[in-house]
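Take a look at the structure set out below.
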């Protein structure tokens with residue numbers, strides 16, 4: 045943008061020059077009488093939308109922008125399906141939408157499918173994917189496995205939505221879906237029991253939609269447009285509830301009743317643009333359920349997980365679509381996330397229809413940063429065992445050893461079966477393992493402290509890392525550039541502690557003779573395994589000494605030295621009686 049800002053054709057300043065303070069703007073490039081393609085077919089609508097932003101109003105980042113687009117598209121076109129593709133993605137498969145429509149329009153599953161998720165594929169990655177940017181284990185194993193339960197989680201982009209699901213409406217369930225809800229079987233035949241239960245469930249759903257009522261204004265001018273378009277649903281929710289739920293836009297409220305899309309015949313096209321500007325105003329969402337129960341859920345930078353979970357709790361399912369030719373490609377930034385919200389799958393939506401395994405999968409996507417605490421302990425323990433000449437686990441019996449070996453064999457066999465089933469290579473799995481450890485001992489650890497600071501002290505510490513342009517040192521130069529921040533101190537400390545432990549362990553074995561080398565190999569194995577997991581980080585650390593901040597190295601060496609000396613002094617693996625005997629204080633028992 046020029047320093048003086050953009051100007052329009054008539055010479056006046058463009059209203060959007062201030063990105064934090066401007067009115068809502070809409071420009072229709074291709075409308076009802078849009079252009080034609082080379083075959084004479086009408087091109088789809090193309091509309092530029094910029095929602096109103098004013099100081100003092102919460103804009104909720106991407107979640108707020110997506111909700112504004114939902115309302116604008118409903119007022120202008122109201123098509124039944126929406127496609128979410130981020131600005132850093134592009135179409136790689138021209139038939140991707142047809143692939144999604146095969147599921148959305150399926151007679152058996154279409155009416156209860158809230159979204160079709162495509163895997164994310166990236167360009168510009170080095171041949172060996174040293175930094176696990178493809179995240180192939182998550183997309184080709186985890187999400188593919190969830191597709192066999194109730195479907196994958198929503199992962200921010202490359203997703204086709206059913207508009208009715210985003211409005212918070214219930215899916216159209218079959219008799220088979222309602223089977224687990226049968227309560228009474230003795231009051232007549234099984235068929236009647238199902239029907240009676242279905243009426244009970246429908247009534248219960250209707251009650252959920254009519255809980256809160258706040259009078260706002262009259263909708264008599266659009267009642268004619270509602271007639272003939274899902275009269276049953278319009279009767280379930282009173283005028284007050286509709287306005288409380290969706291806001292003060294009669295045109296938009298009418299559009300929500302139309303499951304097959306399109307606008308009512310009574311709609312005046314001349315007023316649509318004015319109504320579209322109204323639904324993207326700053327105050328439109330006040331005292332409504334937008335961002336709380338419908339649309340993208342506010343309150344977290346991971347609005348994708350919460351939004352998908354909210355729809356799933358109402359009984360919707362999702363589909364994972366993996367066409368041979370990737371649907372979308374691009375690159376995405378990595379964000380640290382705030383998981384603590386009332387919509388967390390740990391405690392939210394237990395009256396819904398989410399299966400236990402699906403809920404566990406959602407909980408895993410929410411609480412995985414907490415694993416950083418035991419992970420960093422396990423990464424430091426091998427080094428401390430070498431420093432104190434104690435093993436990481438106590439001596440166990442042969443019987444217990446067999447169970448220990450069987451456990452590891454079963455885990456190993458399960459991993460091999462997953463790799464064969466998904467087609468993921470061992471190299472991709474190993475890269476994913478490495479960056480799980482690297483992320484767990486740095487970004488995830490800081491995310492936990494960030495969440496605790498925000499919840500307990502109200503301090504919003506921002507550790508978000510955004511992508512930047514690469515320099516001219518090579519095609520993949522950016523992959524090997526570190527941003528030297530406090531995030532690197534725990535990683536560097538773990539590396540230094542393990543290197544010190546290996547040196548101390550080998551020195552002790554040399555001084556103690558041949559008999560001490562046998563136990564040493566077991567201790568060295570765990571320490572070397574930790575260093576192997578952190579190898580990509582170590583390679584970047586050694587390859588960029590000229591960009592290493594001295595404060596990071598100093599703090600890491602200082603922390604490593606303090607922890608090592610404290611551990612040797614405390615020596616927690618040795619009991620008090622053993623220490624007393626070693627010091628000659630065993631008294632009569634000596």
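In this note's numbering, the protein residues as written are 45 to 634.
Backbone N, C-alpha and C define an ideal beta-carbon position, used for all residues, glycine too.
Nothing here was measured: the structure is a model prediction, and the numbers come from that model.
Quiz prompt | Separation of residue 419 from residue 451, as counted between CA atoms | solution = Looking at the two C-alpha atoms, the distance is approximately 19 Å.
Self-check item: Cβ pair residue 636, residue 140 closer than 8 Å
Solution: Outside the modelled stretch of the chain, which goes from 45 to 634, sits residue 636, for which no answer is possible.
Quiz prompt | Cβ neighbour criterion (16 or more within 10 Å) applied to residue 297 | solution = With 16 or more other Cβ atoms inside 10 Å of its own Cβ, residue 297 counts as buried.
Quiz prompt | residue 373 - containing beta strand (DSSP E), residue span | solution = Per DSSP, residue 373 is one residue of the beta strand (DSSP E) stretching across 372 to 374.
Quiz item: So which of 90, 65 and 158 has the shortest CA-CA distance to residue 353?
Solution: Selection 90, 65 and 158 evaluated against residue 353 yields 158 as nearest (Cα-Cα).
Self-check item: Residue from 485, 402, 321 and 408 whose Cα sits closest to the Cα of residue 67
Solution: Measuring C-alpha to C-alpha distances from residue 67 to each of 485, 402, 321 and 408 identifies 321 as the nearest.
Quiz item: Below 8 Å between beta carbons: does that hold for residue 115 and residue 65?
Solution: Their beta carbons are not under 8 Å apart, which means residue 115 does not touch residue 65 by this criterion.
Quiz prompt | Top-ranked residue by Cα proximity to residue 463, from 171, 181 and 104 | solution = When each option's Cα is compared against that of residue 463, the closest is 181.
Quiz item: Roughly how many whole angstroms lie between the Cα atoms of residue 410 and residue 336?
Solution: Cα to Cα, residue 410 sits roughly 18 Å from residue 336.
Quiz item: In chain order, what residues of the same chain have a beta carbon less than 6 Å from the beta carbon of residue 154, not counting five sequence neighbours either side?
Solution: Cβ neighbours of residue 154 beyond the five flanking positions: 148.
Quiz prompt | At least 3 beta-carbon pairs within less than 8 Å: the region 310 to 326 vs the region 103 to 118 | solution = A contact is defined here as three or more CB-CB pairs under 8 Å, and the region 310 to 326 meets this definition with respect to the region 103 to 118.
Exercise. Have a look at 328, 54, 535 and 184 and flag the residue whose alpha-carbon is nearest the alpha-carbon of residue 469.
Key: Minimum Cα-Cα distance from residue 469 among the listed residues 328, 54, 535 and 184 corresponds to 184.
Quiz item: Could you give the C-beta distance for residue 369 and residue 61, rounded to a whole number, given that I count them as a contact under 8 Å?
Solution: 41 Å between Cβ atoms; not a contact.
Practice problem: Count the other C-beta atoms from every protein chain shown that fall within 10 angstroms of the C-beta of residue 290, then say buried if there are 16 or more, exposed otherwise. | Solution: Buried, because 16 or more other Cβ atoms sit within 10 Å of the Cβ of residue 290.
Self-check item: Span of the alpha helix (DSSP H) around residue 148
Solution: Where residue 148 is concerned, the enclosing alpha helix (DSSP H) stretches over 140 to 148.
Quiz prompt | Separation of residue 563 from residue 426, as counted between CA atoms | solution = Between the alpha carbons of residue 426 and residue 563 lies a gap of roughly 13 Å.
Quiz item: If you run the structure through DSSP and keep just helix, strand and coil, what is residue 69?
Solution: Strand, per DSSP.
Exercise. Could you give the DSSP three-state label for residue 547: helix, strand or coil?
Key: Note: residue 547 maps to helix in three-state DSSP.
Exercise. Could you tell me how far apart the beta carbons of residue 535 and residue 482 are, in whole angstroms, since I believe they sit closer than 8 Å?
Key: Taking C-beta atoms under 8 Å as the contact rule, residue 535 and residue 482 qualify, at a distance of about 7 Å.
Quiz item: Can you name, in chain order, every residue of its own chain whose Cβ lies under 6 Å from the Cβ of residue 332, other than the five neighbours on each side?
Solution: Excluding sequence neighbours, residue 332 sits near 291.
Self-check item: Reduced DSSP category for residue 120 - H, G, I as helix; E, B as strand; rest coil
Solution: The three-state secondary structure of residue 120, taken from DSSP, is helix.
Quiz prompt | Through-space distance from residue 467 to residue 457, alpha-carbon basis | solution = Straight-line Cα distance between these residues: approximately 15 Å.
Exercise. Tell me, to the nearest whole angstrom, how far the beta carbon of residue 217 is from that of residue 84; I am working on the premise that it is less than 8 Å.
Key: Residue 217 to residue 84, Cβ: 42 Å. No contact.
Quiz item: Can the beta-carbon of residue 199 be found closer than 8 Å to that of residue 363?
Solution: In this structure, the beta-carbon distance from residue 199 to residue 363 does not fall below 8 Å.
Quiz item: DSSP on residue 334, reduced to helix/strand/coil?
Solution: Note: residue 334 maps to strand in three-state DSSP.
Self-check item: CA-to-CA distance, residue 443 to residue 422, given in whole angstroms
Solution: Roughly 25 Å separates the two Cα atoms.
Quiz item: For the candidate residues 365, 313 and 211, whose alpha-carbon lies nearest to that of residue 303?
Solution: Ranked by how close their Cα comes to the Cα of residue 303, the residues 365, 313 and 211 have 211 in first place.
Quiz item: Who pairs with residue 364 in a beta bridge, going by DSSP?
Solution: Looking at the DSSP output, residue 364 bridges to 161.
Quiz prompt | DSSP three-state assignment for residue 542, whether helix, strand or coil | solution = If DSSP states are grouped into helix, strand and coil, residue 542 belongs with the helices.
Self-check item: Unbroken beta strand (DSSP E) run spanning residue 307, endpoints
Solution: Per DSSP, residue 307 lies in no beta strand (DSSP E) and is assigned neither H nor E.
Quiz item: Taking Cβ positions, are residue 124 and residue 207 nearer each other than 8 Å?
Solution: Closer than 8 Å, so yes.
Self-check item: Residue nearest to residue 348 in terms of C-alpha spacing, selected from 398, 406 and 435
Solution: Checked all of 398, 406 and 435; the closest Cα to residue 348 is 406.
Quiz item: Shortest alpha-carbon distance to residue 465 belongs to which of 118, 188 and 142?
Solution: Nearest of 118, 188 and 142 to residue 465, Cα basis: 188.
Exercise. Decide if residue 131 is buried, meaning its Cβ has at least 16 other Cβ atoms within 10 Å, or exposed.
Key: The residue in question, residue 131, is exposed, as its Cβ has fewer than 16 Cβ neighbours within 10 Å.
Quiz item: Are residue 193 and residue 401 touching if we call contact CB-CB under 8 Å?
Solution: When the beta-carbon positions are compared, residue 193 and residue 401 come within less than 8 Å of each other.
Quiz item: Quick one, are the C-beta atoms of residue 195 and residue 129 less than 8 Å apart?
Solution: Between residue 195 and residue 129, the C-beta spacing is not below 8 Å.
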